[in-house]
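Contents: one structure, followed by commentary.
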Amino acid sequence: MASPGHRDAPELPDFGLLKRLARDQLVYLLEQLPGKKDLFIEADLMSPLDRIANVSILKQHEVDKLYKVENKPAHSSSDQLCFLVRPRIKNVKYVADIVNADKAAGRTRKYKIIFSPQKFYTCEMVLEEEGIYGDVTWDEWNFYLLPLDDDILSMELPEFFRDYFLEGNQRWISTVAQALHLLSSLFGPFTRIYGIGRCAKMTQELWREIMEESEVDNVGRKPEMGSVFLMDRDVDYVTALCSQVVYEGLVDDTFRIKCGSVDFGPEITSSDRSIKVLLNAQDKVFNQIRNEHFSSVFGFLSQKARNLQSQYDRRRGMDIKQMKDFVSQELKGLKQEHRLLSLHIGACESIMKKKTKQDFQELLKTEHALLEGFDIRESISFIEEHINRQVSPIESLRMLCLLSITENGLPPKDYRSLKTQYLQSYGPEHLLTFHNLKSLGILTEQVPGEAVTAVENKVSRLVTDRAAGKLSDAFSSLARKSNFRSISKKLGLIPRVDGEYDLKAPRDMAYVFSGAYVPLSCKIVEQVLERKSWLGLEEVARLLGASEFMATAGEESPAWDSQRVVLAVFLGGCTFSEISALRFLGRERGLRFVFLTTAITNSVRLLEATMEGKA
Numbered sequence: 073m074a075s076p077g078h079r080d081a082p083e084l085p086d087f088g089l090l091k092r093l094a095r096d097q098l099v100y101l102l103e104q105l106p107g108k109k110d111l112f113i114e115a116d117l118m119s120p121l122d123r124i125a126n127v128s129i130l131k132q133h134e135v136d137k138l139y140k141v142e143n144k145p146a147h148s149s150s151d152q153l154c155f156l157v158r159p160r161i162k163n164v165k166y167v168a169d170i171v172n173a174d175k176a177a178g179r180t181r182k183y184k185i186i187f188s189p190q191k192f193y194t195c196e197m198v199l200e201e202e203g204i205y206g207d208v209t210w211d212e213w214n215f216y217l218l219p220l221d222d223d224i225l226s227m228e229l230p231e232f233f234r235d236y237f238l239e240g241n242q243r244w245i246s247t248v249a250q251a252l253h254l255l256s257s258l259f260g261p262f263t264r265i266y267g268i269g270r271c272a273k274m275t276q277e278l279w280r281e282i283m284e285e286s287e288v289d290n291v292g293r294k295p296e297m298g299s300v301f302l303m304d305r306d307v308d309y310v311t312a313l314c315s316q317v318v319y320e321g322l323v324d325d326t327f328r329i330k331c332g333s334v335d336f337g338p339e340i341t342s343s344d345r346s347i348k349v350l351l352n353a354q355d356k357v358f359n360q361i362r363n364e365h366f367s368s369v370f371g372f373l374s375q376k377a378r379n380l381q382s383q384y385d386r387r388r389g390m391d392i393k394q395m396k397d398f399v400s401q402e403l404k405g406l407k408q409e410h411r412l413l414s415l416h417i418g419a420c421e422s423i424m425k426k427k428t429k430q431d432f433q434e435l436l437k438t439e440h441a442l443l444e445g446f447d448i449r450e451s452i453s454f455i456e457e458h459i460n461r462q463v464s465p466i467e468s469l470r471m472l473c474l475l476s477i478t479e480n481g482l483p484p485k486d487y488r489s490l491k492t493q494y495l496q497s498y499g500p501e502h503l504l505t506f507h508n509l510k511s512l513g514i515l516t517e518q519v520p521g522e523a524v525t526a527v528e529n530k531v532s533r534l535v536t537d538r539a540a541g542k543l544s545d546a547f548s549s550l551a552r553k554s555n556f557r558s559i560s561k562k563l564g565l566i567p568r569v570d571g572e573y574d575l576k577a578p579r580d581m582a583y584v585f586s587g588a589y590v591p592l593s594c595k596i597v598e599q600v601l602e603r604k605s606w607l608g609l610e611e612v613a614r615l616l617g618a619s620e621f622m623a624t625a626g627e628e629s630p631a632w633d634s635q636r637v638v639l640a641v642f643l644g645g646c647t648f649s650e651i652s653a654l655r656f657l658g659r660e661r662g663l664r665f666v667f668l669t670t671a672i673t674n675s676v677r678l679l680e681a682t683m684e685g686k687a
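If you count the sequence shown from 1, you need to add 72 to reach my numbering.
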């Protein structure tokens with residue numbers, strides 16, 4: 073609900089243009105191999121491709137058969153093979169195996185590799201090593217951004233998180249910079265750029281270089297978006313690890329939304345088959361509940377069902393002409409709405425069953441205690457019970473990570489005990505997972521801070537032994553004090569509410585976590601936009617261990633509605649809870665947020681990226 077006196081929400085750019093450009097470029101690349109051809113598509117690209125160009129478009133451009141790039145050998149009889157793949161070494165080796173097998177059999181064909189969104193130098197090296205560099209032609213399909221909805225653009229690069237944050241591989245940074253350049257040349261220029269995090273800074277610098285070398289003339293052009301805000305995922309792991317309780321987040325946690333659509337199984341469709349449902353603003357039922365707290369959703373759906381019924385009931389008193397108009401104009405829409413309503417009611421029932429089975433309320437209670445810093449021993453007992461009962465390994469790991477981050481690491485005794493119990497319950501193969509989580513700073517063991525020790529030494533020279541002992545105790549408790557706690561206090565992340573928090577009429581972004589916690593990432597965005605700078609937030613950035621920056625990129629006019637459109641860029645993934653929270657902030661402040669993310673993430677995806685064999 074927008075506050076009184078706010079102007080209407082500004083218009084968003086037409087991101088359908090990105091789809092049209094991607095489709096046209098793909099068609100052009102396919103036509104570079106004239107005649108009939110078979111197309112091999114990597115599994116990761118199938119869903120994004122489906123949103124851009126369906127099979128009939130591919131057939132129009134002489135694609136004969138479609139194959140999935142997989143481990144087993146391909147049996148294609150075509151004389152022309154085209155491979156649409158991500159720039160990964162295993163994909164280049166897959167092509168090399170086919171080409172070398174043909175050579176051994178004395179067969180001559182044409183081969184073309186289309187790398188999406190770009191080719192990396194390592195791909196060329198593998199082509200040379202495999203001895204097929206001269207046998208294949210290659211191209212790049214610069215498909216950087218997939219519009220999942222009116223306000224969500226995804227790069228569909230889930231590996232970005234592991235590659236950059238865990239392995240320190242910076243190869244995708246140029247891809248993000250190119251994507252921002254594309255947006256800026258189509259809908260820009262942006263007037264202000266804010267950011268926090270090392271990856272954000274590198275991206276901004278590379279983007280600036282691309283802009284300087286580019287021939288796009290944005291001078292005097294009225295932009296369609298105002299500010300851009302770049303944020304690294306490691307600035308806020310807490311939000312990504314929390315259980316989601318807004319409807320869209322719960323659907324993602326329960327059924328896994330993939331590329332903007334979800335597979336609802338027979339238990340939801342009340343039939344013997346699964347249905348693939350596209351979840352976006354076009355689904356009128358979904359659009360009204362997606363950002364709502366789950367506790368409000370059932371009430372809304374039952375009211376909607378009553379309204380639909382009363383619209384159907386209007387037929388009873390109609391004459392023939394009215395009935396004819398009703399059938400031709402309204403019935404189709406009502407039937408479609410009825411179908412969607414049934415699906416979302418079914419999804420809600422399924423979520424309720426699963427969450428009741430998981431003892432979801434107890435889980436949330438423990439989460440909220442961790443966020444607030446209360447009953448830590450009780451929370452540890454709850455996590456131990458979880459581990460010993462062998463409740464899902466991911467869930468137990470998620471709670472361990474939340475405990476560690478909110479407490480700024482675990483005391484050595486607790487860390488060793490919990491780690492041992494976890495490995496005994498779920499298997500020693502998770503040793504590597506613990507190593508990876510430690511590298512990321514998500515699940516760590518407390519070590520007394522060197523800085524604190526240095527201060528202690530200075531103090532002990534100035535005061536008596538007895539007083540120094542007391543001060544030393546005070547300092548060691550300071551060393552254990554979590555940065556999350558300090559940040560939470562500074563930014564007011566834990567709302568102080570008298571009585572019940574009204575989830576039906578939320579007062580702030582904390583509603584996305586049942587009123588218990590305002591997402592840190594979203595709070596930072598709110599504070600910076602309010603101040604139009606980082607002034608007064610330097611201490612927060614220092615506590616986060618992340619460098620903040622701001623740049624002015626072009627002229628701005630307060631009269632332009634587009635100045636109220638903010639592009640929020642999440643490097644390493646964004647959750648549906650963060651999207652719902654910033655949509656709420658936008659309604660409150662008369663802003664519109666557009667989300668650009670390397671991929672949609674949640675606690676499961678984030679933790680799977682740290683597990684060997686899952687990533």
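Beta carbons: idealized from backbone N, C-alpha and C, even for Gly.
Residue i in three-state terms, based on DSSP
i, result
"Tyr494", "helix"
"Glu517", "strand"
"Trp279", "helix"
"Ala168", "helix"
"Arg264", "strand"
"Met274", "helix"
"Ile129", "helix"
"Gln704", "Coverage of the chain is limited to positions 73 through 687, which leaves residue 704 absent and any answer about it impossible."
"Ser453", "helix"
"Thr341", "helix"
"Val597", "helix"
"Glu212", "strand"
"Asp447", "coil"
"Phe336", "strand"
Own chain partners of residue i with C-beta closer than 7 Å, once the 5 adjacent residues on each side are dropped
i, result
"Asp207", "Val171, Tyr183"
"Asn163", "Glu114, Val141, Val157"
"Asp344", "Pro338"
"Ala94", "Ile124, Phe215"
"Ser119", "Lys330, Cys331"
Nearest candidate by alpha-carbon position, reference residue i, set the options
i, options, result
"Val127", "Lys273, Asp116, Leu111", "Leu111"
"Phe336", "Thr438, Ser422, Cys271", "Ser422"
"Asp633", "Lys175, Lys294, Cys154", "Lys294"
"Glu200", "Val167, Ser246, Leu225, Arg677", "Val167"
"Cys331", "Arg664, Ile448, Leu84, Leu220", "Leu220"
"Glu131", "Leu98, Tyr589, Leu255, Ser119", "Reading off the sequence, residue 131 comes out as Lys, not Glu. Minimum Cα distance to Lys131 is reached at Leu98."
"Ile161", "Lys561, Glu196, Ser148, Phe155", "Glu196"
"Val590", "Pro465, Cys314, Ala94, Asn352", "Cys314"
"Ser414", "Leu601, Glu339, Ser652, Val141", "Glu339"
"Gln485", "Ile452, Leu469, Ser468", "Position check: residue 485 holds Lys in this sequence, whereas Gln was assumed. The residue with the shortest Cα to Cα distance from Lys485 is Ile452."
"Lys144", "Lys165, Ile129, Val135", "Lys165"
"Ser150", "Pro159, Ser119, Lys109", "Lys109"
"Thr726", "Ala625, Ser286, Ser558, Thr438", "Nothing about residue 726 can be reported from this structure: the residues present for the chain run from 73 to 687 only."
"Leu102", "Leu90, Arg92, Glu134", "Glu134"
"Glu285", "Met274, Ser257, Ser299", "Ser257"
DSSP bridge partner residues for residue i (one or two, in chain order)
i, result
"Val157", "Phe187"
"Leu225", "Pro219, Leu668"
"Lys365", "Before going on, a small fix: residue 365 reads as His here, not Lys. Bridge partners of His365: Val318."
"Leu643", "Asp304"
"Val135", "Lys109"
"Ala623", "Ile265"
"Gln152", "Lys182"
Sequence-distant residues of its chain with Cβ nearer than 8 Å to residue i (five each side left out)
i, result
"Asn674", "Ala312, Gln316, Gly321, Asp324, Asp325, Thr647, Phe648"
"Ser605", "Met622"
"Glu212", "Ile186, Phe187, Ser188, Pro189, Gln190, Lys191"
"His410", "Leu380"
"Lys356", "Glu409, Leu412"
"Met303", "Gly267, Ile268, Gly269, Ala272, Ser593, Ile596, Val597, Ala640, Val641, Phe642, Leu643"
Close-in-space but distant-in-sequence residues of the same chain around residue i (CB under 6 Å, 5 per side omitted)
i, result
"Ala546", "Because the pLDDT at Ala546 is just 43, under 50, the model does not fix this residue reliably, and the point stays unresolved."
"Lys542", "Since pLDDT at Lys542 reaches only 45, below the 50 mark, its modelled position is unreliable, and the value read off the structure follows with that caveat. Result list for Lys542: empty, nothing under 6 Å."
"Asp308", "Leu592, Ser593"
"Ala523", "With a pLDDT of 41 at Ala523, under the threshold of 50, the modelled position of this residue cannot be trusted; read the value that follows with caution. Excluding positions up to five away in sequence, the list is empty."
"Phe656", "Met581"
"Leu474", "Leu313, Leu442"
"Ser548", "At Ser548 the pLDDT is 39, less than 50, meaning the model places this residue with poor confidence; the figure from the coordinates comes in the next sentence. Cβ neighbours of Ser548 beyond the five flanking positions: none."
Decide yes or no for the touch test of the segment 427-435 against the segment 640-659: beta carbon pairs closer than 8 Å, at least 3 of them. Under the three-pair Cβ rule at 8 Å, the segment 427-435 does not count as touching the segment 640-659.
So, do the segment 457-467 and the segment 495-502 have three or more beta carbon pairs nearer to each other than 8 Å? yes
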